[in-house]
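J.: According to this note's numbering, the stretch in the sequence shown is residues 1361 to 1689, in order. Have a look at the structure that comes next, please.
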Amino acid sequence: MMEVEGSMNRAPDQSSFLRSRRSKALYQFKQQKLPACKPVLTPISVITVFMLMGFVFIPIGLITLRASRDAIEIIDRYDVECIPEEYRTNKLLYITDSSIPKNCTRYLKVQKYMKAPIFIYYQLDNYYQNHRRYVKSRSDQQLLHGLEYSHTSSCEPEESSNGLPIVPCGLIAWSMFNDTFTFSRERTKLNVSRNNIAWKSDREHKFGKNVYPINFQNGTLIGGAKLDPKIPLSDQEDFIVWMRAAALLSFRKLYGRIEEDLEPGKVVEVNLMNNYNTYSFSGQKKLILSTSNWLGGRNDFLGITYLVVGSSSIVISIIFMLLHLKNPR
């Protein structure tokens, strides 16, 4: 009995001891009295850190910029050149009149050797896909589950048509890009792959395998491309690529890949259908052929950023060094 009573007396003592330790630690934390590492930044250490940053960042920037410049691009703006002369003063009439032929032929000359795969992009400029109302006009649950999900009020004004629900609903789907391109070289059609252009995670987890387009583009006002009602959304990769809204007013989206090398001096003939209306908001349309390397496509931003940060670090270190020599501690 005495042993039991002794153990019972010790238990409250231990719990009160733990509570006191915790309250003391909490007090020290609130009063900022906990032990901490507080390095003293001497002028020599600061100068050394900035100098090392410059010596590390500048070579990385040069390598990154060189890799970016090795990627070869052919850029062709076609939205103006593909309008007949008689309609260039009234571009809206041209694009909205379905009786006017929209076919156009462009010729792209290859300046440097382009190794397959050659990525085909379309670029839209002055197109605000990041507009708040536009971005919200979609239903991710409907894209995944179809008509099983009926709460699609966020899709307005493209929620329903003729009293029936629209699948896929929303302004983003309604305004899908619908220009088409075919490529040939010396009258021989180039092999273009349209598969695996969308993210695998989007295909498998964001678009339903049993969700098919229903009542899409059946209203009085037609937006962009139509979707095949016999193919599930998870297999319509053009649509999946378009549904990933861009953050900037100028953006590129992947159209396909040319699976053949292009030799310098060759001319690629592009037969396109100029269907998409960018003329009502002074937008621009461009076609891009681009190779890639270990860094991706051509983009000088990362290399320039490294060079600017590295150069700024060296300049700052030199300024600190001169100040330290003039007024040493």
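Cβ coordinates follow ideal geometry from the N, Cα and C atoms, glycine included.
Who are the near neighbours of Leu1667 in its chain, counting only those whose CB is closer than 8 Å to its CB and skipping five residues on each side?
T.: On the sequence shown, position 307 is the one that residue 1667 refers to. Contacts found: Phe1417, Ile1418, Gly1421, Leu1422 and Leu1425.
J.: Closest by CA to Ser1673, which one among Pro1589, Val1409, Lys1472 and Val1630?
T.: Position 313 of the sequence shown, counted from the first residue, corresponds to residue 1673. Comparing Cα-Cα distances from Ser1673 to each of Pro1589, Val1409, Lys1472 and Val1630, the minimum goes to Val1409.
J.: Kindly indicate which three-state DSSP category Asp1457 falls into: helix, strand or coil?
T.: Along the sequence shown, read from residue 1 onward, the residue named residue 1457 stands at position 97. DSSP places Asp1457 in coil when its eight states are reduced to three.
J.: Taking Gly1579 as the reference, which of Glu1620, Lys1472, Gln1483 and Ser1521 has the closest Cα?
T.: Your numbering for residue 1579 matches position 219 in the sequence shown. Here the closest residue by C-alpha is Ser1521.
J.: Tell me, please, whether the stretch 1394–1401 touches the stretch 1599–1606 by the rule of three or more beta-carbon pairs shorter than 8 Å.
T.: Result no; under three Cβ-Cβ pairs closer than 8 Å.
J.: May I have the straight-line CA-CA distance separating Glu1546 from Ala1585, to the nearest angstrom?
T.: Here residue 1546 refers to the residue found at position 186 of the sequence shown. Here residue 1585 refers to the residue found at position 225 of the sequence shown. For Glu1546 and Ala1585, the distance between alpha carbons rounds to 30 Å.
J.: Can you name, in chain order, every residue of its own chain whose Cβ lies under 8 Å from the Cβ of Asn1570, other than the five neighbours on each side?
T.: Residue numbering aside, residue 1570 sits at position 210 when the sequence shown is read from its first letter. Once the five neighbours on either side are set aside, the close Cβ partners of Asn1570 are Gly1506 and Pro1592.
J.: Contact check, Gln1483 vs Arg1612 under 8 Å by CB: the rounded distance?
T.: Here residue 1483 refers to the residue found at position 123 of the sequence shown. Here residue 1612 refers to the residue found at position 252 of the sequence shown. Between Arg1612 and Gln1483 the Cβ distance is about 5 Å, and since that is below 8 Å, they are a contact.
J.: Rounded to a whole number of angstroms, what is the C-alpha to C-alpha distance between Leu1609 and Tyr1615?
T.: Here the question's residue 1609 lines up with position 249 in the sequence shown. Here the question's residue 1615 lines up with position 255 in the sequence shown. Rounded to the nearest angstrom, the two C-alpha atoms are 19 Å apart.
J.: Expressed to the nearest angstrom, what Euclidean distance is found between the alpha-carbon atoms of Gly1366 and Lys1384?
T.: Indexing the sequence shown from 1 puts residue 1366 at position 6. Indexing the sequence shown from 1 puts residue 1384 at position 24. Confidence at Gly1366 is low in this model, with a pLDDT of 48, below 50, so its placement is unreliable and the value that follows should be read with caution. Cα-Cα distance, rounded: 27 Å.
J.: Pick helix, strand or coil for Met1361, following the three-state DSSP scheme.
T.: By one-based count along the sequence shown, residue 1361 stands at place 1. Bear in mind that the predicted position of Met1361 carries a pLDDT of just 43, short of 50, making it too unreliable to give a figure here.
J.: Nearest-angstrom Cα distance between Lys1549 and Phe1567?
T.: Looking up residue 1549 in the sequence shown gives position 189. Looking up residue 1567 in the sequence shown gives position 207. Taking the straight line from one Cα to the other gives about 32 Å.
J.: Within 10 angstroms of the Cβ of Tyr1438, are there 16 or more other Cβ atoms? Answer buried if so, exposed if not.
T.: To locate residue 1438, count along the sequence shown from 1; it is residue 78. Buried.
J.: Buried or exposed: where does Leu1452 fall if 16 or more other Cβ atoms within 10 Å of its Cβ makes it buried?
T.: Counting from 1 along the sequence shown, the entry for residue 1452 is found at position 92. Counting Cβ neighbours within 10 Å, Leu1452 comes out exposed, since fewer than 16 surround it.
J.: Would you mind reading off the limits of the alpha helix (DSSP H) that contains Thr1424?
T.: On the sequence shown, position 64 is the one that residue 1424 refers to. Its alpha helix (DSSP H) spans residues Pro1403 to Asp1430.
J.: Do Cys1464 and Ser1499 have their beta-carbon atoms positioned less than 8 Å apart in this structure?
T.: Within the sequence shown, residue 1499 is the residue found at index 139, counting from 1. Within the sequence shown, residue 1464 is the residue found at index 104, counting from 1. Not in contact: Ser1499 and Cys1464 (Cβ atoms no closer than 8 Å).
J.: Give me the Cα-Cα distance between Ile1664 and Val1470, rounded to the nearest whole angstrom.
T.: For this step, residue 1664 is matched to residue 304 along the sequence shown. For this step, residue 1470 is matched to residue 110 along the sequence shown. Near 27 Å, if we compare the C-alpha coordinates of Val1470 and Ile1664.
J.: According to the neighbour-count rule (16 or more other Cβ atoms, all chains shown, within 10 Å of its Cβ), is Gln1391 buried or exposed?
T.: Translated into positions along the sequence shown, residue 1391 becomes position 31. Exposed, since its Cβ has fewer than 16 Cβ neighbours within 10 Å.
J.: Return helix, strand or coil for Ile1582, following the three-state DSSP convention.
T.: Locating residue 1582 in the sequence shown gives position 222, where the first residue counts as 1. If DSSP states are grouped into helix, strand and coil, Ile1582 belongs with coil.
J.: Thinking C-beta only, is Arg1429 closer than 8 Å to Leu1632?
T.: Position 272 of the sequence shown, counting from 1, holds the residue named residue 1632. Position 69 of the sequence shown, counting from 1, holds the residue named residue 1429. No, they are not a contact pair.
J.: Do Ile1648 and Ile1434 come within 8 Å of each other at the CB atom, strictly closer than that value?
T.: The residue labelled residue 1434 in the question sits at position 74 within the sequence shown. The residue labelled residue 1648 in the question sits at position 288 within the sequence shown. Yes.
J.: Smallest Cα separation from Phe1661: which of Leu1468, Ala1427 and Leu1581?
T.: Looking up residue 1661 in the sequence shown gives position 301. The shortest C-alpha separation from Phe1661 is found at Ala1427.
J.: Can you grab the Cα-Cα spacing for the pair Val1440 / Thr1456, in whole Å?
T.: Numbered from 1 along the sequence shown, position 80 holds the residue referred to as residue 1440. Numbered from 1 along the sequence shown, position 96 holds the residue referred to as residue 1456. Distance between the alpha carbons of Val1440 and Thr1456 is about 15 Å.
J.: Take Ile1618 and list the residues in its own chain whose beta-carbon comes closer than 6 Å to its own, dropping the five residues that flank it on each side.
T.: The residue labelled residue 1618 in the question sits at position 258 within the sequence shown. Closer than 6 Å at the Cβ level, and outside the excluded window around Ile1618, lie Ile1478, Leu1550 and Val1552.
J.: Based on DSSP bridge pairs, tell me the residues matched to Ile1600.
T.: Here residue 1600 refers to the residue found at position 240 of the sequence shown. The partner list for Ile1600 (beta bridge, DSSP) is empty, contrary to what the question assumes.
J.: In the DSSP assignment, the alpha helix (DSSP H) including Asp1321 goes from what residue to what residue?
T.: This structure gives no information on residue 1321, because the portion of the chain shown stretches from 1361 to 1689.
J.: Alpha carbons only, please: which of Phe1389, Met1681, Ser1642 and Met1411 is nearest the one belonging to Gly1670?
T.: The count along the sequence shown starts at 1 and reaches residue 1670 at position 310. The shortest C-alpha separation from Gly1670 is found at Met1411.
J.: Measure the alpha-carbon distance for Tyr1473 versus Glu1620 and round it to whole angstroms.
T.: Looking up residue 1473 in the sequence shown gives position 113. Looking up residue 1620 in the sequence shown gives position 260. If you take the alpha carbons of Tyr1473 and Glu1620, they lie about 11 Å apart.
J.: Which residues mark the beginning and the end of the alpha helix (DSSP H) in which Arg1492 is found?
T.: Translated into positions along the sequence shown, residue 1492 becomes position 132. Counting along the chain, the alpha helix (DSSP H) containing Arg1492 begins and ends at Arg1492 to Lys1496.
J.: At which residues does the alpha helix (DSSP H) containing Gly1663 begin and terminate?
T.: As a working mapping, residue 1663 is identified with position 303 in the sequence shown. From DSSP, the alpha helix (DSSP H) with Gly1663 extends over Phe1661 to Lys1686.
J.: Less than 8 Å between the CB atoms is what I'm expecting for Asn1538 and Asn1635, so what's the real figure, rounded?
T.: Reading the sequence shown from its first residue, position 178 is the one you call residue 1538. Reading the sequence shown from its first residue, position 275 is the one you call residue 1635. Asn1538 to Asn1635, Cβ: 5 Å. Contact.
J.: Name the residue from Asp1598, Trp1534 and Ser1544 whose alpha carbon lies nearest to the alpha carbon of Asp1562.
T.: Numbered from 1 along the sequence shown, position 202 holds the residue referred to as residue 1562. Comparing Cα positions, the closest option is Asp1598.
J.: State yes or no: is the C-beta of Ile1432 within less than 8 Å of the C-beta of Thr1651?
T.: Locating residue 1432 in the sequence shown gives position 72, counting from the first residue. Locating residue 1651 in the sequence shown gives position 291, counting from the first residue. It is a contact, given that the beta carbons lie within the stated cut-off.
J.: Suppose the cutoff is 8 Å on Cβ atoms and the five residues either side in sequence are ignored; what does the same chain contact list for Tyr1447 look like?
T.: Against the sequence shown, residue 1447 aligns to sequence position 87. Leu1453, Tyr1454 and Ile1460.
J.: In the structure shown, what three-state DSSP assignment does Ser1610 receive?
T.: The residue labelled residue 1610 in the question sits at position 250 within the sequence shown. Residue state, collapsed to three classes: coil.
J.: Among residues of its own chain, excluding the 5 on either side of Phe1641, which ones have a beta-carbon nearer than 8 Å to its beta-carbon?
T.: On the sequence shown, residue 1641 is found 281 positions in, with the first residue counted as 1. The residues are Asn1486 and Tyr1487.
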